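Under full-length UniProt numbering, the sequence shown has 6 at position 6, and the numbering climbs by one with no breaks. One structure below.
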Amino acid sequence: MATLHYFLDPFCGWCYGAAPLIKAARQHLPMVLHAGGMMMGAQRQPVTPALRDFVLLHDDRIAALTGQPFSAAYRDGLLQDPHAVFDSEPPTTALLAADSLGGRGLDLLAQLQCAHFVEGRRIADPEVLREQAMQIGLPEADFVHAWQAQSGDPTLSHVAASRQQLARAGGRGFPTLVLEQEGQWQRIELSPFMGKGDAWSAWLEERFPLPAGEPGLLCDADQCLPR
């Protein structure tokens, strides 16, 4: 059985750009998330004019290539908020907590990407993370318990292991997809498919066809629709 390993970060704009491709891929193959802690520890940053300019430069490229929306609430709200902090550790803990509750980590990732890039929410705030977990249907008490279990050392250990696995797979950043099949790991280049959902769906269907009768997904630049 083939498995896709997805190396990501909740604050990664290019991961958000790839979100429609990830959504489609999940229809064809099981996927394992590996959060790499892009903005943790010494890389944790408050929102400053310098960070805003750096982020927007990349966001403009991502939007042009993929069609993914970056809203005014994000660009002119969150990125102008001097009290906001980009810290990957709390949302990574939340992803691990959701993943421990029936494998909902990637569902929460999609929710957090929308909260961050579209709604302009502070996804490093525990209260926001709790709200977003409830938005995808996770019981509050279960999520809080799972959050506590994944906080601290479990999150740090996951990030360290993710970085080691990413290096072994020859990946250098996020997003990175690696196909595991018959004990072999092979990186899948996502860049040629950015903003090309039809080509990505065709690539997936050729190699990992859906069972007859499965509805599947058809992706365009910014969304996946039933086909």
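The C-beta atom is built at its ideal place from N, Cα and C for all residues, glycine as well. Keep in mind it's a predicted model, so treat the numbers as computed, not measured.
Spatial neighbours of residue i in its chain, beta-carbon cut-off 8 Å, leaving aside the 5 residues before and after
i	result
Q223	Interpretation of Q223 is limited by its pLDDT of 38, a score under 50 that renders its predicted location unreliable; the figure taken from the coordinates is listed afterwards. The residues are P20.
R52	L79, Q80
P82	P46, V47, T48
S100	A146, A149, Q150
Y74	H116, F117, V118, E119, G120
V55	G13, L79
G171	F7, V178, R187
P69	A63, F117, V118, D222
A98	R104, G105, D107, L108, A133, I136, L138, F143, A146
F208	A2, H28, L29
Own chain, CB closer than 6 Å to residue i, minus 5 neighbours either side, in chain order
i	result
Q186	L179
A124	V85, D87, P90
P30	T3
Segment limits, beta strand (DSSP E) that includes residue i
i	result
I123	Segment: none, I123 is in no beta strand (DSSP E) and carries neither H nor E.
F7	3-8
Extent of the continuous alpha helix (DSSP H) to which residue i belongs
i	result
E89	89-99
L21	19-28
Which of helix, strand or coil DSSP assigns to residue i
i	result
P49	helix
H116	helix
L33	strand
F86	strand
I62	helix
D81	coil
C15	helix
G67	coil
L138	coil
A108	Correcting the residue identity first, residue 108 is Leu in this sequence and not Ala. It is helical.
C224	Because the pLDDT of C224 is 35, which lies under 50, any placement of that residue in the model is unreliable, and the question is left without a value.
R44	coil
F54	helix
F143	helix
L210	coil
Residues near residue i by beta carbon distance below 7 Å, same chain, minus five either side
i	result
V159	A35, G36, G37, M40, T92
A199	F193
F174	F7, L8, D9, C12, W14, C15, G36, M38
D142	L101
S162	F7, H34, A35, G36
A94	L108, L129, A133, W147
L204	A24, A25, H28
P126	P90
Complete runs of the alpha helix (DSSP H) confined to the segment 148-201 [at least 4 residues]: 153-168
I'd like to know if the segment 151-160 and the segment 99-109 are in contact, where contact means that at least 3 CB-CB pairs between them fall below 8 Å. no
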